[in-house]
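**Q**
In my numbering, the protein residues as written are 50 to 304.
(1) Tell me which residue opens and which closes the alpha helix (DSSP H) that residue 141 is part of.
(2) Could you tell me the distance, in whole angstroms, from the CA atom of residue 69 to the CA atom of residue 166?
(3) Enumerate in chain order the residues of its own chain whose CB-to-CB distance from residue 302 is below 7 Å, with the five nearest sequence positions on each side excluded.
(4) Give the DSSP bridge partners of residue 186, in chain order.
(5) I'd like the list of long-range same chain contacts for residue 282, defined as Cβ closer than 6 Å, with 5 residues on each side in sequence excluded.
(6) Taking only runs that begin and end inside the segment 191-234, name each unbroken beta strand (DSSP E) of 3 or more residues, in chain order.
(7) Report the three-state DSSP secondary structure of residue 80 (helix, strand or coil).
(8) For the alpha helix (DSSP H) that contains residue 115, what are its first and last residues?
(9) Nearest by alpha-carbon distance to residue 258: which of 224, 65, 102 and 61 is it?
(10) Over the uninterrupted alpha helix (DSSP H) stretch that includes residue 281, give me the two end residues.
(11) Buried or exposed: where does residue 94 fall if 16 or more other Cβ atoms within 10 Å of its Cβ makes it buried?
(12) Given this structure, state the Cα-to-Cα distance separating residue 66 from residue 125, to the nearest angstrom.
(13) Residue range of the beta strand (DSSP E) that residue 271 falls in?
(14) Comparing C-alpha positions only, which one of 59, 139 and 148 sits nearest to residue 168?
(15) For residue 111, count neighbouring Cβ atoms within 10 angstroms of its own Cβ and tell me buried if that reaches 16, exposed if not.
(16) Suppose contacts are defined by Cβ-Cβ distances below 8 Å. Is residue 202 in contact with residue 162 by that definition?
(17) Out of 91, 98, 63 and 242, which has the shortest C-alpha to C-alpha gap to residue 260?
(18) Assign residue 148 to buried or exposed, taking buried as 16 or more other Cβ atoms, counted over all protein chains shown, within 10 Å of its Cβ.
(19) Where do the ends of the beta strand (DSSP E) carrying residue 162 lie?
(20) Just list the residues that DSSP pairs residue 124 with in beta bridges.
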């Protein structure tokens, strides 16, 4: 990314028809740590790789509970994610107070898309530099949604965003057809395997840098404890042969 005379605000188009500040925001998502989301008909799972600024620092928060029936994982600027998380919590609370029923996932995601797109229409603002994967369960079943800084949003059966996430998407593309009838335990195991594919050869998943949450039918959104995460990491070590790397020669996703 290089500075040009067309990137001083988010409403100036370049001669090639590009808006550079939106591209910069989407690049911030690609430079973030990887996040994996996948669902069956009854459950949705989010897995994330957390990052610490130094050995003296704690790991950044990547998973946010929005309501009892939904939550999100982020890749990009955590500060922007907190703003959106607070907005979504307020919307869910207001909807439940007025209509006495939980807010549907698709309606909330559409509002986030509108809010993100509004940030690309004002000279004084900037796009949110964060990508979200939202997982939830409502009357229509389990859902996984992705939102972009540009205001676009998409529903997926499985998706991965962030740096080095191409390896996880490759894994999900090979296995997503078997996710439909899986229980939460098997779904989490697939999520951990996909996340492991994103790690560098000198990096291993552990209870400190790995976050997992699940939501589904008769199951409120919750983040797994370190002991529960360790159990899935032990299963991963048993299924991956010794010496096998997480992402053999897979380059960082910068497309």
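We treat Cβ as the ideally placed atom computed from N, Cα and C, and that holds for glycine. Remember, predicted model here, so these are calculated numbers, not experimental data.
**A** Walking through what the data contain:
(1) As a first step, residue 141 is located in the chain shown; it is residue number 92 there, counting from the start. Counting along the chain, the alpha helix (DSSP H) containing residue 141 begins and ends at 127-148.
(2) If you number the chain shown from 1, residue 69 lands on position 20. If you number the chain shown from 1, residue 166 lands on position 117. Spanning the two alpha carbons is a distance of roughly 15 Å.
(3) Within the chain shown, numbered from 1, the residue matching residue 302 stands at position 253. At residue 302 the pLDDT is 47, less than 50, meaning the model places this residue with poor confidence; the figure from the coordinates comes in the next sentence. Here the set comprises 79, 212, 213, 214 and 215.
(4) Along the chain shown, read from residue 1 onward, the residue named residue 186 stands at position 137. Paired residue(s): 191.
(5) The count along the chain shown starts at 1 and reaches residue 282 at position 233. Same-chain partners within the cutoff: 254.
(6) 202-205 and 207-210
(7) Stepping through the chain shown from its first residue, residue 80 is reached at position 31. In the structure shown, residue 80 sits in coil (DSSP, three-state: anything other than H, G, I, E or B).
(8) For the purposes of this step, residue 115 is identified with residue 66 of the chain shown, where counting begins at 1. Residue 115 -> not in any alpha helix (DSSP H); beta strand (DSSP E) instead, spanning 112-116.
(9) Along the chain shown, read from residue 1 onward, the residue named residue 258 stands at position 209. Comparing Cα-Cα distances from residue 258 to each of 224, 65, 102 and 61, the minimum goes to 102.
(10) Taking the first residue of the chain shown as position 1, residue 281 is located at position 232. Run containing residue 281: 275-288, per the alpha helix (DSSP H) assignment.
(11) The residue given as residue 94 occupies position 45 in the chain shown. When all chains shown are included, residue 94 counts as buried.
(12) Stepping through the chain shown from its first residue, residue 66 is reached at position 17. Stepping through the chain shown from its first residue, residue 125 is reached at position 76. In a straight line, the C-alpha of residue 66 is about 25 Å away from that of residue 125.
(13) In the chain shown, the residue the question calls residue 271 occupies position 222. Note, residue 271: beta strand (DSSP E), 268-272.
(14) Within the chain shown, numbered from 1, the residue matching residue 168 stands at position 119. That would be 59, whose Cα lies nearest to the Cα of residue 168.
(15) What you label residue 111 is simply residue 62 of the chain shown in a count that begins at 1. Answer is buried; the Cβ neighbour count reaches 16.
(16) Taking the chain shown and counting its residues from 1, one reaches residue 202 at position 153. Taking the chain shown and counting its residues from 1, one reaches residue 162 at position 113. Their beta carbons are under 8 Å apart, which means residue 202 touches residue 162 by this criterion.
(17) Reading the chain shown from its first residue, position 211 is the one you call residue 260. For residue 260, the nearest C-alpha among the options comes from 98.
(18) As a first step, residue 148 must be located in the chain shown, where it is residue number 99. With fewer than 16 Cβ atoms within 10 Å of its Cβ, residue 148 is classed as exposed.
(19) Here residue 162 corresponds to residue number 113 of the chain shown, with the count starting at 1. Per DSSP, residue 162 belongs to no beta strand (DSSP E); it is in the alpha helix (DSSP H), 154-167.
(20) Translated into the one-based positions of the chain shown, residue 124 becomes position 75. DSSP output for residue 124 lists 180 as bridge partner(s).
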